[in-house]
Amino acid sequence: MNGAERREYNARYQKENKDKLREKKKIYKEQNKEKINEESKKYRKNNKNKIKARSYSGGMERRGKITKQKCSLCGSKEELEFHHPDYKKPTKHKVLCKKCHVKTHNNLRASK
Ligand SMILES: [Zn+2]
Ligand SMILES: [Zn+2]
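Per numbering that gives the first Met the number 0, residue 0 is the first one in the sequence shown, and the count goes up by one each step.
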């Protein structure tokens, strides 16, 4: 089977077994409910400040208190996101485009 054939085969398989696959997913979720719950609880606990900081900035933006205009690093106006240098200080955010945001976090990780 070449690449194109395999893709087609997969697409057909997915289509023909849609219900089966959906059922499988549902069963997995049901059987691992606790695990999935536990993981999201752990994530929330470990990232409490991060989640808070994000929802603070997001909320301010929704209420029109702040607007993302351009990336503070490269000036791009696309895919803008809030970056929090310190998640304990949700009001201190920077506006970065997705690219610079990823770069910033990579640099942070590298410097640790
Ligand atoms: Zn940028
Ligand atoms: Zn960030």
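Virtual Cβ for every residue (Gly too), placed ideally from N, Cα, C.
C-alpha of Arg53 to C-alpha of Asn9: approximately 38 Å in a straight line.
Between Lys67 and Val101, the C-beta gap is not smaller than 7 Å, which leaves the two residues out of contact. Taking 6 Å as the cut-off, one finds at least one heavy atom of ligand 2 near enough to the beta carbon of His82. Spatial neighbours of Asn16 in its own chain (CB-CB distance under 6 Å, excluding positions within 5 residues in sequence) are not present. Counting along the chain, the unbroken alpha helix (DSSP H) around Lys97 starts and ends at 97 to 110. Relative to the non-hydrogen atoms of ligand 1, the Cβ of Ser54 never comes closer than 6 Å to any of them. Cα atoms of Asn45 and Arg108: separation of roughly 17 Å, rounded to the nearest angstrom. Taking the CA atoms as reference points, Lys40 sits about 14 Å from Lys49. A check of alpha carbon separations from Tyr55 across Tyr12, Lys28, Tyr86 identifies Tyr86 as the nearest. The three-state reading of DSSP puts Leu79 in strand, counting E and B together.
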